[in-house]
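The structure appears right after this line, and notes come after that.
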Amino acid sequence: MGSYPALAFLLLFSATLSSSCDGGKVLVYPVDGSHWLNMKILVEALHSQGHQITVLRSSTSWYVSEFSPHYTSITITQEQTQNIESQDFMTSFLKRSIEIRRNKGTIWAFVEFYRNIFNMMGDNQKVVAKLIVSIFENETLIKELKETRYNIFLTDPAFPGGVLLAHHLQLPMVFNVRWLFNGEAHFAIAPSPLSYVPQLFTDNSDKMDFFQRINNMIRHSILAYMYYFVSNPPYQAVCDHYFGPDVSVMSLMQGADLWLMRVDFIFEFPRPSMPNVVYIGGFQGKPSKPLSSDLEEFVQSSGEHGVIVMTLGTLLSNLGPEISEIIASAFANLPQKVVWRHIGKRPITLRNNTMLVEWLPQNDILGHHKTKVFVTHGGTNGIYEAIYHGVPVLGIPLIFDQYDNVVRLKSRGVAEIVEVTTLDVESLTSSLKNILDPEKPYKQNMLKLSQLHHDKPMKPIDSAIFWMEFVMRHKGAAHLRTESYKLPWYAYHCLDVMAVFVAFGVLIIALVWVSCRWLIRRLISTTKTTSKSKNE
Ligand SMILES: *[C@@H]1O[C@H](CO)[C@@H](O)[C@H](O)[C@H]1NC(C)=O
Ligand SMILES: *[C@@H]1O[C@H](CO)[C@@H](O)[C@H](O)[C@H]1NC(C)=O
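Offset between the sequence shown (1-based) and my numbering: plus 5.
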């Protein structure tokens, strides 16, 4: 009998819980390419919770499909494509990056490296800023978006078009983020001492010697330059025109309600954070499903040796024939079977232990018990899947954050890195043998990391959903936001206060100095007068 009130309470409780944010309306402004792959996971999870999702996509979009069971889309007509959305551009960008990397250590390579990045980034920012203007200028669209009364605006601020739109529509803003247009996202909101927080492109870990810290400081300054002269100007023009000169896209980003950070500290080096940052690193992780029968048969045929899985991601699968031959020859030296996601000509040195595929079910094959090593370019999606399933990694980093990513894995003792520019059959074979060697600790370390990753009160994806619904329920999360971003730089660093202290100190020293001088003079003059009077 006593259970009835309890049951009623439970029903009531669950009813209020579910009704409080049931059927929320979410407007999503994604970044295309691999960023969309993880945004899509959040969209699908939101959809499964009964929310209605609208995705803004450009007419030139490569990945974001117009029709989906999980969302409705609004297509914005765009004449110019973002260059990162073009396979041809990315292939030539990769070629150029490798050429520059070949000359690593020279001033030329240093300058060209940043020039290459700045050109690419600058062009993208201009295209995105233009797209945003075309949205702002479409009164029908803006009216439609305003009238729909969305509960939250979910965006990836790597290209901050969505940030401007969210401000224009006055919607609570949630980020799915790791990168901003000027580097790693934490740097914009949390204290980031350069003594132990490695900056992008340094290849530093969190243990830096004096020269590494110099490098860290220099790279940090270069990103500041990129912000002021490359990334920000196209958006500042939009802000000036629509919001007034006091608003910058950076201040709008810093004012976001919630940062769903694609970071887990089993991977990222520990660093200061903020109350409105929620860590969802590894949210793509899920148990593996059975493989297709031909793949399963191939994997099983590896026997006790197991399988090596290799993929270089969506954009970078074709490294050119020279490098592909080296990789194929190294694989041919091994008793393992290899599943290699390869686009382009079939290498002639390929042996029959290697299966080429155009696409592979990455998560399912990483979760297979025969999989021994994951050979990857070091994109975070693949890295977190490898951590989820406890598979050690051989990193062949190519561009962007990939070097820094594999440095993080190496410092945890779960990966080896090979340099693509000096790749040869011998070093690749020996690195692979090293990781495969059961005497070496790579596998144990990775299993340990995997355990740490799984040992959480709440799965990262559930945490992401909870916090997005939290923002819907409370129409924002302003109470979690620090006041830091409203401060001018000198106030942020308390330079004004220090200036007063210094002035005060100087005043006291001056006073002491003047009075001492006065005293000494008086003493001297009195001794003079007394000696004079004595003489007389
Ligand atoms: C403005 O937006 C509406 C609604 O999405 C769309 O039908 C129309 O084609 C857009 N106009 C222009 C000029 O892009
Ligand atoms: C693969 O090649 C090896 C020799 O390199 C040969 O012994 C073996 O039979 C071949 N296996 C298949 C399935 O063709």
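Even for Gly, the Cβ is constructed at its ideal location relative to N, Cα and C.
Since we're looking at a predicted model, the values are computed, not measured.
- In whole angstroms, what separates the C-alpha of S39 from that of L47? 14 Å
- Task: Locate the beta strand (DSSP E) running through K377, then write down its first and last residues.
- Result: Counting along the chain, the beta strand (DSSP E) containing K377 begins and ends at T376 to T381.
- Could you tell me the distance, in whole angstroms, from the CA atom of T160 to the CA atom of V33? Going from the Cα of T160 to the Cα of V33 covers about 6 Å.
- Message: For N181, list the residues DSSP reports as bridge partners.
- Response: Beta-bridge pairing by DSSP links N181 to L265.
- Query: What residues in its chain sit with their C-beta under 6 Å from that of S64, if we drop five residues either side in the sequence?
  - Reply: Closer than 6 Å at the Cβ level, and outside the excluded window around S64, lie T80, T82 and Q83.
- Sequence-distant residues of the same chain with beta carbon closer than 6 Å to G387, five excluded per side: T381
- Classification of Q305 by the beta-carbon crowding that lies within 10 angstroms, buried from 16 upward: exposed
- Message: Are there any heavy atoms of ligand 1 lying less than 6 Å away from the beta-carbon of N143, as far as the coordinates show?
- Response: Residue side-chain check: N143 places its Cβ nearer than 6 Å to a non-hydrogen atom of ligand 1.
- Item | Beta-carbon separation (whole angstroms), W264 vs A190, contact threshold 8 Å | 7 Å
- Message: Using only the alpha-carbon positions, how far apart do V179 and F336 sit?
- Response: 44 Å
- Item | Straight-line gap, I466 to H52 (C-alpha atoms, nearest Å) | Going by the C-alpha atoms only, they are around 13 Å apart.
- Query: Once you ignore the five residues that flank P326 on each side, which residues in its own chain have a CB closer than 8 Å to its CB?
  - Reply: Excluding positions up to five away in sequence, the list reads G349, K350 and P352.
- Which of helix, strand or coil does DSSP assign to G308? Correct three-state label for G308: helix.
- Message: Give me, in chain order, the residues of the same chain whose beta-carbon lies closer than 8 Å to that of P196; leave out the 5 immediate sequence neighbours on both sides.
- Response: So the list reads P277, once near-sequence residues are dropped.
- T59 CB to nearest heavy atom of ligand 3 below 6 Å: This structure lacks ligand 3; the ligands present are ligand 1 and ligand 2.
- Which of the three DSSP states, helix, strand or coil, is assigned to A391? helix
- Within the same chain, show all residues whose beta-carbon is closer than 6 Å to that of F303, passing over the 5 residues directly before and after it, in chain order. For F303, same chain residues with a beta-carbon under 6 Å away, outside a window of 5 residues either side, are M360 in chain order.
- Query: According to DSSP, is K445 helix, strand or coil?
  - Reply: coil
- Message: Using only the alpha-carbon positions, how far apart do L317 and S236 sit?
- Response: 28 Å
- Reference L365, options G308, L300, K480 and E390, closest by Cα: L300
- Task: Check whether the Cβ of T82 lies closer than 6 Å to any heavy atom of ligand 1, and answer yes or no.
- Result: yes
- Query: So what does A337 bridge to, in DSSP terms?
  - Reply: Paired residues: none, contrary to the question.
- Query: Is it buried or exposed for F4, if we count other Cβ within 10 angstroms and need 16 for buried?
  - Reply: Residue 4 is absent from the model: the chain starts at 6 and stops at 541.
- Message: Within 8 Å, do at least three Cβ pairs link the segment 124 to 132 to the segment 223 to 243?
- Response: yes
- Item | Per-residue burial, Q341 [other beta carbons within 10 Å of its own, 16 or more giving buried] | buried
- Three-state class that DSSP yields for S25 in the structure shown: Note that S25 has pLDDT 48, beneath the 50 cutoff, so the model's placement of it is unreliable and no number is given.
- Sorry if obvious, but does the Cβ on L492 come closer than 6 Å to a heavy atom of ligand 1? no
- Message: Is L170 close to ligand 1? I mean its beta-carbon at under 6 Å from any heavy atom of the ligand.
- Response: No, the Cβ of L170 stays beyond 6 Å of every heavy atom of ligand 1.
- Task: Please determine, among Q367, A483, Q92 and V254, the residue with the shortest C-alpha to C-alpha distance to P165.
- Result: V254
- Message: Report the CB separation of N181 from N43 in whole angstroms; it is logged as a contact under 8 Å.
- Response: 7 Å
- Task: Return yes when the C-beta of L174 is under 6 Å from any heavy atom of ligand 1, and no when it is not.
- Result: no
- Residues in its own chain within less than 6 Å of K45 by CB, not counting five upstream and five downstream? Contacts found: none.
- Do you know offhand how far M125's Cα is from G308's? 46 Å
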